[in-house]
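Only one structure is covered here, and it is reproduced in the block below.
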Amino acid sequence: MSPESAIAPVGRARRDGEPLSAPKVRQAVPRSLCTDCGVSRMADPKRCGRACQFIQPDYPAMEAKVHGRARDRQRPDELHFGPYRRMVRAALAAPRPGAQWTGIATRLGEKLLESGQVDAVLTMAPDPEDSWKPRPVLVTSAEGMAQCRGMRMGYAPLLALLEPAKARGFKRLAIIGIPCQVYALRALEEELGFERLYVIGTPCSDNTTTENFHSFLALLSERPETITYLEFRADYHVELRFADGAKREIPFLQLPISKLPGDFFPLTCRTCVDYTNVLADITVGYMGGEGEQWLLVRNARGEELLGSLGGEVVLTEPGSAGKRTGPVTGFLKNTMRAAGGLPVRGMPNFLRPLVGKLMPKIGPRGLEFARARVEMKAIESVVHLRRQEPARMKHMIPAHVWDLVEPYGLAPEAGERAETAERDKRPVD
Ligand SMILES: Cc1cc2nc3c(=O)[nH]c(=O)nc-3n(C[C@H](O)[C@H](O)[C@H](O)COP(=O)(O)OP(=O)(O)OC[C@H]3O[C@@H](n4cnc5c(N)ncnc54)[C@H](O)[C@@H]3O)c2cc1C
Ligand code: SF4
Ligand code: SF4
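Here the sequence shown is numbered in the working numbering, starting from 1 and rising by one per residue.
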């Protein structure tokens with residue numbers, strides 16, 4: 001059976017009362033640095049060559065194409081977070097059950113389906129066999145979005161469903177995706193030929209395979225199968241929720257990171273360069289939100305999306321406190337010392353509980369926390385690529401990443417920036 005023959009015709013999902021469907025997709029074509037975003041499963045897998053952020057991304061050109069201008073390093077925070085019109089702290093007045101935070105990402109999808117602005121929302125639902133495993137779905141009526149709430153760990157071929165969506169006659173689509181998926185989507189947007197695409201992005205860092213993630217859960221609880229929720233919060237704690245309603249908070253410094261193998265996080269996720277999803281119309285995250293959500297409205301379509309929530313969403317100004325230089329410098333030292341593994345040996349064990357308690361009070365908070373995380377990710381990209389894939393550096397590392405790491409004494413060595421240098425000299429506007 002061809003993948004297309006498993007696909008329902010337009011409108012069937014709604015007629016049958018099925019709010020979401022998971023069309024069959026082709027096998028992935030093996031690639032070296034790859035998060036299986038779905039492009040290699042398309043009819044023409046060679047599209048990876050022009051779509052992949054791990055091959056030869058061109059962020060200035062893509063930002064200009066999507067937002068009308070590339071990031072402007074003179075504007076506050078654009079060097080770190082990419083182009084944006086406004087940045088807000090946000091919370092749904094009525095948080096949605098099962099959501100990762102208050103449910104803004106999936107509520108935006110519901111709104112688009114309720115108003116008929118889109119034929120379908122392309123996003124992830126939990127795999128029926130393993131609720132931590134993401135499974136790409138096409139959601140065709142608003143009630144289906146509730147099943148997509150929450151974070152799953154791992155990769156699944158989201159973009160492979162673009163062709164089935166086209167085959168079903170869908171013309172207007174919304175996509176909720178992580179940065180490596182959104183980069184490829186934007187690179188192919190024109191040739192895909194949809195009438196309209198709404199792109200809702202979430203930040204992403206430290207993803208890993210679902211299998212690896214289960215081994216992490218097993219270190220956190222004697223009954224890992226009862227963990228239903230996990231989040232690395234901006235107050236330096238991991239929050240766990242359990243099936244019986246119990247909650248547990250673990251300071252970052254007391255996580256059993258030293259027990260994880262050095263390759264726990266795949267090289268893709270240690271070296272990708274877009275933490276904040278700069279090519280989305282709106283980024284829905286939490287890093288700069290000090291306990292609430294953090295939105296970056298990047299263009300007119302992002303304004304339209306946020307506007308659709310009306311009074312359902314409470315917006316406030318983001319705050320910023322503390323200084324990131326010390327923690328980011330410490331992170332660089334630990335990353336170098338860890339020799340390609342996980343940065344864990346920065347502090348004697350007896351100090352960890354004390355510092356774990358102090359960090360939420362004295363560490364970088366709000367936007368300063370988000371800047372620190374973006375700089376740490378940039379440092380990881382440079383250090384890990386230099387160690388493991390030096391030949392890729394000149395193509396994979398955009399100029400703004402070198403600017404982010406420069407204050408910490410990291411600079412391009414011979415050949416690491418050669419070809420990007422010419423490209424990145426383009427005017428930013
Ligand atoms: C692996 C991962 C790492 C993240 N790291 C950060 C971070 O460091 N900082 C930060 O600010 N935010 C991060 N986020 C985003 C954050 O966890 C929330 O998803 C986001 O803040 C939206 O919250 P919400 O309540 O509005 O989402 P909800 O309304 O609950 O919707 C969540 C959406 O995310 C989609 N989704 C869930 N898992 C995946 C997945 N594995 N791949 C693709 N899509 C998925 C769902 O399908 C759903 O559409 C990360 C997300 C993922 C998936
Ligand atoms: S991440 Fe996507 S675009 Fe890149 S190689 Fe893998 S399938 Fe292709
Ligand atoms: S960390 Fe980067 S490469 Fe890994 S899944 Fe997230 S966006 Fe993709």
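For glycine and all other residues, C-beta sits at the position ideal for the given N, C-alpha and C.
Everything numeric in this text was worked out from a predicted model, so none of it was measured.
Assigned secondary structure, residue i (DSSP; H/G/I helix, E/B strand, else coil)
i: F377; result: Looking at the sequence shown, residue 377 is not Phe but Lys. Reduced to three states, the DSSP call for K377 is helix.
i: P364; result: coil
i: S131; result: strand
i: Q147; result: helix
i: L410; result: coil
i: Y183; result: helix
i: A391; result: helix
i: T140; result: coil
i: A13; result: Low confidence applies here, because A13 scores a pLDDT of 41, under 50, leaving its location unreliable; read the following figure in that light. In the structure shown, A13 sits in a helix (DSSP, three-state: H, G or I).
i: I7; result: Caution is warranted here: a pLDDT of 33 is assigned to I7, below 50, making its placement in the model unreliable, and the coordinate value is therefore given only provisionally. Looking at I7 - three-state DSSP - the assignment turns out to be coil, as it is neither helix nor strand.
i: A370; result: helix
i: Y229; result: strand
i: R86; result: strand
i: S45; result: The sequence given here has Pro at residue 45, not Ser. Of the three classes helix, strand and coil, the one that applies to P45 here is helix, per DSSP.
i: P57; result: coil
i: V118; result: coil
i: A156; result: coil
i: S205; result: coil
i: S21; result: strand
i: A99; result: coil
i: E422; result: For E422, the predicted model reports a pLDDT of 48, less than 50, meaning its position is unreliable; a value from the coordinates is still stated below. In this structure, E422 counts as helix in the three-state DSSP scheme.
i: A321; result: strand
i: G177; result: strand
i: F264; result: coil
i: M1; result: For M1, the pLDDT reaches just 32, beneath the cut-off of 50, and the residue's location in the model is therefore unreliable, leaving the point undetermined.
i: R69; result: coil
Endpoints, beta strand (DSSP E) assigned at residue i
i: D403; result: Run containing D403: none in the beta strand (DSSP E); it sits in the alpha helix (DSSP H), A399 to V405.
i: F431; result: Because the chain here runs from 1 to 429, residue 431 falls outside it and cannot be looked at.
Beta carbon of residue i nearer than 7 Å to that of residue j
i: L122; j: L161; result: yes
i: I227; j: L217; result: yes
i: R127; j: R172; result: In the sequence as presented, Arg is not what sits at residue 127; that position holds Asp. Their beta carbons are not under 7 Å apart, which means D127 does not touch R172 by this criterion.
i: G154; j: N277; result: no
i: W294; j: G307; result: no
i: A125; j: V137; result: yes
i: M393; j: E416; result: yes
i: L79; j: H400; result: yes
i: Q147; j: L267; result: no
i: A167; j: G288; result: no
i: Y275; j: K377; result: yes
i: P407; j: G366; result: no
i: R41; j: R31; result: no
i: L183; j: P398; result: Sequence check: residue 183 is Tyr here, not Leu. Taking 7 Å as the Cβ cut-off, Y183 and P398 do not qualify as a contacting pair.
i: L240; j: R248; result: yes
Alpha-carbon to alpha-carbon, residue j and residue i
i: R149; j: A414; result: 46 Å
i: L113; j: E368; result: 36 Å
i: M145; j: T271; result: 31 Å
i: D403; j: L230; result: 32 Å
i: S205; j: E129; result: 25 Å
i: A94; j: E292; result: 13 Å
i: M336; j: K259; result: 19 Å
i: A90; j: I282; result: 13 Å
i: T208; j: P179; result: 14 Å
i: V29; j: E375; result: 33 Å
i: G109; j: G98; result: 15 Å
i: V405; j: S141; result: 44 Å
i: V297; j: R75; result: 15 Å
i: I55; j: V382; result: 15 Å
i: K323; j: E312; result: 34 Å
i: R386; j: P412; result: 10 Å
i: E190; j: A51; result: 12 Å
i: S21; j: S115; result: 20 Å
i: K333; j: P164; result: 47 Å
Bridge partners - residue i, DSSP secondary structure assignment
i: R172; result: R196
i: K247; result: R241
i: Q293; result: A90
i: T276; result: According to DSSP, T276 bridges with nothing at all.
i: P126; result: P134
Span of the alpha helix (DSSP H) around residue i
i: R337; result: T325 to R337
i: I257; result: Neither: I257 is in no alpha helix (DSSP H) and is coded neither H nor E.
i: I104; result: I104 to E114
i: T283; result: Premise fails: T283 lies in the beta strand (DSSP E), I282 to G285, not in any alpha helix (DSSP H).
i: L315; result: Unbroken run through L315 is the beta strand (DSSP E), V313 to T316; no alpha helix (DSSP H).
i: P164; result: L162 to A167
i: F81; result: E78 to F81
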